[in-house]
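> If you scroll down you'll find the structure; I have some questions about it.
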Amino acid sequence: MRTKMIFIASMLVIMLVVTACGQSGAANQSNPAEAAEPAAPVEEAQTRKVTTVNGEVEIPVNPQRIVATYYLGELAALGIKPVGTVDRQLGKANPNLASYSEGVASIGDFPPNLEAIAALEPDLIIATDFDNIEYADYSKIAPTIVIPWTTADVATKLRSIAAFLDKDAEAEAFIQEMDANAAKAREAIKDDISKEETVAIIRFFGKSIRVYGGRDIGHALYHSLELTPTPIIKQAMEQNPNFTSTEDVSLEQISEYAADRIFVVVSDEEADSQYNELQKLAIWANLPAVKNNKVYKIQADKWFAYDPISINVTVEDAVRILTGEDDKG
């Protein structure tokens, strides 16, 4: 009897141990499942704060509806199409950007039309420092970044815009492309124009005559192709890197800007009439470039566009002109 009781007690102990182990195993098996439950997703920030010339501005991380008052070419170089821009960037006003402006709405010209901008419901406005619009008026519509235009060259503007849009790599790639195109162009013209030959850019618009430096129309000639400006323009460029053009010059002063090659820009019908009359005068006929048939009449709308896309276009035009493939750009 005593042996039987010991046997029963032993069996009870064994059953208790097995049961406990089973429960422990079940508990252990449930732990991995509990640990595998996914953590709640962390919501990505939709905006970020950036420092601009107008202070700190909160802008979208990935803007989808950009209005750019004068930076269609820069955005195109970065692979971005805005929803709106000014008229002088659209269609025939800037033929260099025609393929990039399809589907882009007009916001008027300068000053831009605030109602037209608001109607486009932008999530970001990229403006210039010469829009003649109060920054506060833009900011009422959407977060606004002002990119200086009058004091920045083409590469600086591109890099500035790219930095706000997280497109730095795209900007550097395009600048490298511009530099490569310029180097190729310089090689192409080396037998057609020497470093000793001077180049002038003279613009006729209305009744005004101006001579241009290294910005706008001058970038392709003086920076990309590294052509030599006349002494008076060279001095002005050295004194002021942002030098764009002279004030109005008189017919009598044109000889002061005489060059071996002259690029002439005629901006309107009144200017064209003035240029035609000038060609009849001895003061024009006696210029070295005129005597040697080295005057090239080029298109204002194409050459005055100061953006990275247009620079590539005008460099190619300049090569065709200087190598004799074309007599106008």
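Per mature numbering (1 follows the signal peptide of the UniProt record, and there is no 0), the sequence shown runs over residues -26 to -1, 1 to 303.
The beta-carbon is built from N, C-alpha and C at its ideal position, and this holds for glycine as well.
(1) Please tell me whether isoleucine 285 and alanine 174 are closer than 8 angstroms, where the distance is taken between their beta carbons.
(2) Report the option in Phe278, Ala157 and Ala232 whose CA atom is closest to the CA atom of valine 264.
(3) Could you pull out every residue in the same chain whose Cβ sits closer than 8 angstroms to the Cβ of tyrosine 249, ignoring the five residues on either side in sequence?
(4) Below 6 angstroms CB to CB, which residues in the same chain sit around arginine 189 once its five sequence neighbours on both sides are set aside?
(5) If you follow the alpha helix (DSSP H) that alanine 93 is in, where does it begin and where does it stop?
(6) Reducing DSSP to helix, strand and coil, say where proline 34 ends up.
(7) Looking at the strands, I want to know which residues DSSP matches up with isoleucine 99.
(8) I'd like to know whether the C-beta atoms of isoleucine 100 and alanine 19 end up nearer to each other than 8 angstroms.
(9) Counting along the chain, where does the alpha helix (DSSP H) carrying alanine 279 start and finish?
(10) Give me the Cα-Cα distance between arginine 62 and isoleucine 91, rounded to the nearest whole angstrom.
(11) Determine the direct distance from the alpha carbon of glutamate 299 to that of residue 373, and round the result to whole angstroms.
(12) Here's the rule: buried if 16 or more other CB atoms are within 10 angstroms of the residue's CB, otherwise exposed. What is residue 340?
(13) According to the neighbour-count rule (16 or more other Cβ atoms, all chains shown, within 10 Å of its Cβ), is proline 96 buried or exposed?
(14) With the cut-off set at 8 angstroms, would you say residue 304 and phenylalanine 148 are in Cβ contact?
(15) For phenylalanine 245, does the three-state DSSP call read helix, strand or coil?
(16) Compare the Cα-Cα distances from threonine 25 to each of Glu170, Ile135 and Asp83 and report the closest residue.
(17) Using a threshold of 8 angstroms, state whether the C-beta atoms of proline 56 and leucine 46 are closer than that.
(18) Report, in whole angstroms, the separation of the C-beta atoms of isoleucine 176 and isoleucine 257, which I expect to be a contact under 8 angstroms.
(19) So who's on the other strand from glycine 29, going by DSSP bridges?
(20) Mark alanine 279 as exposed unless 16 or more other C-beta atoms lie within 10 angstroms of its C-beta, in which case mark it buried.
(21) To which residues of the same chain is phenylalanine 84 closer than 7 angstroms at the C-beta, ignoring the five residues directly before and after it?
(22) Please list the terminal residues of the continuous beta strand (DSSP E) segment that includes valine 238.
(23) Alanine 157: buried (16+ other C-beta within 10 angstroms of its C-beta) or exposed?
(24) Threonine 130: buried (16+ other C-beta within 10 angstroms of its C-beta) or exposed?
(25) In this structure, what does DSSP give as the bridge partners for residue 365?
(26) Should alanine 145 and arginine 133 be called a contact, given that it needs their Cβ atoms to be closer than 8 angstroms?
So, from the data block:
(1) no
(2) Ala232
(3) Phe178, Val238 and Val240
(4) Thr218
(5) 88 to 93
(6) strand
(7) Val41 and Thr118
(8) no
(9) Counting along the chain, alanine 279 falls outside any alpha helix (DSSP H), and DSSP gives it neither H nor E.
(10) 16 angstroms
(11) Within the shown structure, residues of the chain are numbered from -26 to 303, placing residue 373 beyond reach of any answer.
(12) Only positions -26 to 303 of the chain appear in the structure, and residue 340 is not among them; the question remains open.
(13) buried
(14) Any property of residue 304 remains undetermined from this structure, which presents the chain solely from -26 to 303.
(15) For clarity, residue 245 is alanine in the given sequence; the question names phenylalanine instead. Three-state DSSP puts alanine 245 in a helix.
(16) Ile135
(17) yes
(18) With 8 angstroms as the limit, isoleucine 176 and isoleucine 257 do not qualify as a contact, their Cβ atoms being about 13 angstroms apart.
(19) Thr26
(20) buried
(21) Val60, Asp105 and Asn106
(22) 235 to 240
(23) exposed
(24) exposed
(25) Residue 365 lies beyond the residue range present for the chain, which begins at -26 and ends at 303; the question has no answer from this structure.
(26) yes
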